[in-house]
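Chemist:
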């Protein structure tokens, strides 16, 4: 059975100019111990998906439909207090800016110990001991001394390590990591990704890794979901999505990443920009930018359907449109 | 115009009943004051029309009230309503002019301090700091006192209005300067300002055409809130008898005059100007508060 | 005949005084704190070519960009623009209009209160290139077309555009004074990857068409590989390696350059196991003595801890200038055909 099930999730933002649909019919599952990467451009709704799952949507945003289930139990409609308990015990969260997670007034050791005594059946002395162990585990030098330091005494990369320890110390089954390495430099980024990957594997923790960096996903994730304009437009095994994307948008996205191995004559670019939430076109949201668009795309919205080795929301993969798929050259 | 009614500002305005009421009250106050010569039932400065017989008439609804004097009369038989309308004129004139004066001074000095930095900044901001350690009313009193002592009486009476405006204006510039300096420090490091520097635009030109338009939103808010303060400051000075000349009574002057009769039963002479003052300042302040919230992107 | 040189830096440095105010310093008995953002950088950019500077945040690459366009004065060393000392070139409007800059953040680089046509026309007006207002607008329309926007977009305000479109507007503005030399400070790092490709293509196209010279600042090695003729790698305010692009990406020599390339997440999914370089960048206020990279360098020895390495041609790849004792002494194993990032087994 899957650990996390998200079904037809819909998130709305009421504004004075009408309701914006930030997430529209988002469904996916994460198996125990699995790493699901969620990619997309800014505004695609990838961070929103993470926030909706852990119940931290910024008001006035709200879940307007669908379900989120953790081990079969609905968590999207729980009262705040109950959800908060689940968030600490069952779901860990890592954000882009470590300072939003760490309390500047407490030492990192106290914060780790408090999280553990709250959620695990251990006493303060044991928690303190484990706090040091966790800091060692995430690679903080001289952990026994640093355990009594305050967050501001750590550098950015070290802080993010502390946040990782904090997210994992209550031994949650799922970690939601939202752009965990975006604020870090390349060399630090590599260290943090390696750490996250190894710890998740060691502890058997499932992870939802939200990032715009395909390289990070390619190295870390088992499966990947590509989001566009608040919808998942393709989902599949990471190798298949990166090497053999089905949806024209995923294919374009992969093609526009500049390679480091060689110089190309001309980079593939996707013309235009992602629509604003207030102006998502009817039918397939990608239709104005899609090189393979046909009439049906402008009218009827495609659901996720089997496409190559993945599932993609694209009419080219409807059995009755097989001839178009042939012509497109995507097959 | 269409753009304005479509804007977020107008939208938040229509969402706040308190703000709409304040705007209405402020509008009535300002219209009543500006149009006093047309609207007022009497001319309180026309000595010929004053009837000492009519002195100390209570408001129209009182027992001895007279319908020609809706809010009663004062010790010289002046119609209180007319006196208040003319008084509000003086109060508003002083208030507006003082705010314009302190805004201009504060914005210019704040821009210079923020953009040029270094020694200019240090000197200007230390002066502002020192002045801020004194209550502004004290500064206004001091300025007024110095001018009074320096000039002969006849000259002083002629320019008394300007002295008050100057005194209140000068007591308030640091607030503007500090705000503008803060915003300027932020804007100065933005890339559009650097782009202007790359093409070699002079600092003054950059300050005027790039920085200034982008630091004005908070200034607008402070200016509105300061209008209330300036009107009150003028009333305080006039109440203390050092403000506008008695030939041009403002609301403060009226309150002071009425104060003498408060305990002899003629309450209306001081209460009505007081209520007018409160309504005016309160409505302007509420508008300022709304403007601050509406323009603050964090609260939206 | 070698290409004429558009830009040259000779031992340029820029230090910032980040001390606390005098009084606090005296009370706390502190010394002045000097941040050596750029500490002795030399390079040349031949006309019509692109030199990229790469490095992590705080390495001083953006400060170099600002030195070059005169936003900062150098603390030490010299900058020459088209053979003329920079200060002189900057004082002369006809020279100054030949250099322009494109910034990183498309949301901050356009004045939010100005119409796009005024933003683009600002350099034209500042340099008095076209006096007639109608002709100015015509030129703005041309420039907008050139960067792939519509001339009608000139009437709009910046907030009506997406990030990529704003960056096009920035480019149009930079081009409006007919420059030959563009300093591009992370021009695509705030953009989404599909839009980044659009902007990079546009910049390459414009370079070809207008014969532009670029100084390109970026932290993204993959982007740098696509646009550069030569690449300089910076670390803690110093250049540590400078080489033709193909040479640098094919045979990186400085251990830091190699670590940087090693650290990039692998889209090819070759499944290689990476050994990320340990440690973090030291503070530029208290840089380590000797080679700035020695605390993190697996090849560092006593000499590296004491003596600052100079930029010299690398043994084996002489077109590469590299500041590294290990490379100079052959300790990196390159000449033996087995380059390594770990010390030789004892």
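Chains as they are written, first to last, in my numbering: chain G, 1 to 331; chain S, 1001 to 1300; chain F, 2001 to 2346.
Backbone N, C-alpha and C define an ideal beta-carbon position, used for all residues, glycine too.
(1) Under a Cβ-count criterion, where at least 16 other Cβ atoms within 10 Å of its own Cβ denotes burial, should residue 2003/F be classed as buried or exposed?
(2) Using a Cβ-Cβ cut-off of 8 Å, state whether residue 1038/S counts as contacting chain F.
(3) Would you kindly report the start and end of the unbroken beta strand (DSSP E) that includes residue 2244/F?
(4) Alpha carbon to alpha carbon, what distance is there between residue 1133/S and residue 2232/F?
(5) With residue 53/G as the anchor, note down where its alpha helix (DSSP H) starts and where it stops.
(6) Whole angstroms is fine: what's the gap from residue 321/G's alpha carbon to residue 226/G's?
(7) The alpha helix (DSSP H) spanning residue 2223/F covers which residue range?
(8) Show which residues of chain F have a CB atom less than 8 Å away from the CB atom of residue 213/G.
(9) Three or more C-beta pairs under 8 Å: does that hold for the stretch 2054-2064 of chain F against the stretch 2033-2045 of chain F?
(10) Helix, strand or coil, according to DSSP, for residue 2123/F in the structure here?
(11) Under 8 Å, do residue 2104/F and residue 2190/F count as touching if we go by C-beta distance?
(12) Note down, in chain order, every chain F residue with its Cβ under 8 Å from the Cβ of residue 189/G.
(13) Round the Cβ separation of residue 1219/S and residue 1176/S to the nearest angstrom and send it over; I've been treating them as touching at under 8 Å.
(14) Contact criterion: CB-CB distance below 8 Å. Does residue 1195/S meet it with respect to chain F?
(15) What residue range is occupied by the uninterrupted alpha helix (DSSP H) comprising residue 2170/F?
(16) By DSSP's criteria, residue 2015/F is part of a beta bridge. Which residues make up the other side?
(17) Tell me which residues share the same chain as residue 1259/S and place their Cβ nearer than 7 Å to its Cβ, disregarding the 5 neighbours each side in the sequence.
(18) Could you give the first and the last residue of the continuous alpha helix (DSSP H) run that contains residue 2057/F?
(19) Would you please state the rounded distance, in angstroms, between the beta carbons of residue 2254/F and residue 2241/F? I believe it to be under 8 Å.
(20) In the DSSP assignment, find the alpha helix (DSSP H) that holds residue 1207/S and state where it starts and stops.
(21) Buried or exposed for residue 2331/F, going by 16 or more other Cβ atoms inside 10 Å?
(22) Could you have a look at residue 1120/S and say whether DSSP puts it in helix, strand or coil?
(23) Can you give the Cα-Cα distance for residue 296/G and residue 69/G, rounded to whole angstroms?
(24) Give the interface partners of residue 1201/S over in chain F, defined as CB-CB distance under 7 Å, in chain order.
(25) Okay, do the stretch 189-204 of chain G and the stretch 103-110 of chain G touch, 3+ Cβ pairs below 8 Å being the bar?
(26) Taking contact to mean 3 or more Cβ pairs, one atom from each stretch, closer than 8 Å, check whether the stretch 50-62 of chain G and the stretch 1005-1023 of chain S are in contact.
(27) Using a C-beta cutoff of 8 Å, does residue 2303/F count as contacting chain G?
(28) Out of 325/G, 230/G, 323/G and 96/G, point me to the one whose CA is closest to residue 21/G's CA.
(29) Mind checking the stretch 2028-2059 of chain F against chain G and listing, in chain order, the residues whose C-beta falls within less than 8 Å of any C-beta there?
(30) If I measure Cβ to Cβ from residue 180/G and keep anything under 6 Å in the same chain, skipping five residues before and after, which residues do I get?
(31) Report all residues from its chain with a CB closer than 7 Å to the CB of residue 2251/F; omit the five preceding and five following residues, and keep chain order.
(32) Look at the alpha carbon of residue 1298/S and the alpha carbon of residue 2024/F, and state the distance between them as a whole number of angstroms.
(33) Of all the residues that make up the stretch 242-253 of chain G, which are near chain F by a beta-carbon distance shorter than 7 Å?
(34) Scan the stretch 33-105 of chain G and note each continuous alpha helix (DSSP H) run of 4 residues or more that stays entirely inside, going in chain order.
(35) By the 10 Å Cβ neighbour count, where 16 or more other Cβ atoms means buried, how is residue 1046/S classified, buried or exposed?
(36) Can you find a CB in chain G that lies within less than 8 Å of the CB of residue 2346/F?
Modeler: So, from the data block:
(1) So residue 2003/F counts as exposed.
(2) Under the Cβ distance rule, residue 1038/S does not count among the residues neighbouring chain F, no pair being separated by less than 8 Å.
(3) For residue 2244/F, the enclosing beta strand (DSSP E) starts and ends at 2238-2244.
(4) Approximately 54 Å, taken between the alpha carbons.
(5) 46-53 is the extent of the alpha helix (DSSP H) around residue 53/G.
(6) Cα to Cα, the separation comes out at about 22 Å.
(7) Here the alpha helix (DSSP H) through residue 2223/F covers 2221-2227.
(8) In chain order: 2265.
(9) Output reads yes: the stretch 2033-2045 of chain F touches the stretch 2054-2064 of chain F.
(10) The DSSP-derived three-state label of residue 2123/F is helix.
(11) Contact flag set, yes.
(12) Residues of chain F passing the Cβ test: 2263 and 2265.
(13) In this structure residue 1219/S is in contact with residue 1176/S, their Cβ atoms being roughly 6 Å apart against a cut-off of 8 Å.
(14) Cβ-Cβ to chain F under 8 Å: yes for residue 1195/S.
(15) Per DSSP, residue 2170/F belongs to the alpha helix (DSSP H) from 2163-2175.
(16) Residue 2015/F pairs with 2036/F.
(17) Excluding positions up to five away in sequence, the list reads 1270.
(18) For residue 2057/F, no alpha helix (DSSP H) encloses it, and the DSSP letter there is neither H nor E.
(19) The Cβ separation is near 4 Å, so the contact holds.
(20) Residue 1207/S -> no alpha helix (DSSP H), and no H or E assigned at all.
(21) With 16 or more Cβ atoms within 10 Å of its Cβ, residue 2331/F is classed as buried.
(22) In the structure shown, residue 1120/S adopts helical secondary structure according to DSSP, grouped into three states.
(23) Between the alpha carbons of residue 296/G and residue 69/G lies a gap of roughly 34 Å.
(24) Within chain F, the residues near residue 1201/S are 2126.
(25) They do not touch, by the three-pair rule.
(26) No, the stretch 50-62 of chain G is not in contact with the stretch 1005-1023 of chain S.
(27) Residue-level contact by beta carbon fails for residue 2303/F and chain G, as no gap is shorter than 8 Å.
(28) The shortest CA-to-CA distance from residue 21/G to any of 325/G, 230/G, 323/G and 96/G is the one to 230/G.
(29) Across the stretch 2028-2059 of chain F, CB contacts with chain G closer than 8 Å involve 2056 and 2057, in sequence order along the chain.
(30) The residues are 94.
(31) The answer, listed in chain order, is 2317.
(32) Because the pLDDT at residue 1298/S is just 49, under 50, the model does not fix this residue reliably, and the value given afterwards should be weighed accordingly. The straight-line gap from Cα to Cα measures roughly 34 Å.
(33) Per Cβ criterion, the list reads 242, 252 and 253.
(34) As far as the stretch 33-105 of chain G is concerned, its whole alpha helix (DSSP H) runs of at least 4 residues are 46-53 and 80-89.
(35) By the C-beta density criterion, residue 1046/S is exposed, having fewer than 16 other C-beta atoms within 10 angstroms.
(36) Note that residue 2346/F scores a pLDDT of 40, beneath 50, so its modelled location is shaky; the value from the coordinates is reported in the next line. False, the Cβ-Cβ gap to chain G never drops below 8 Å.
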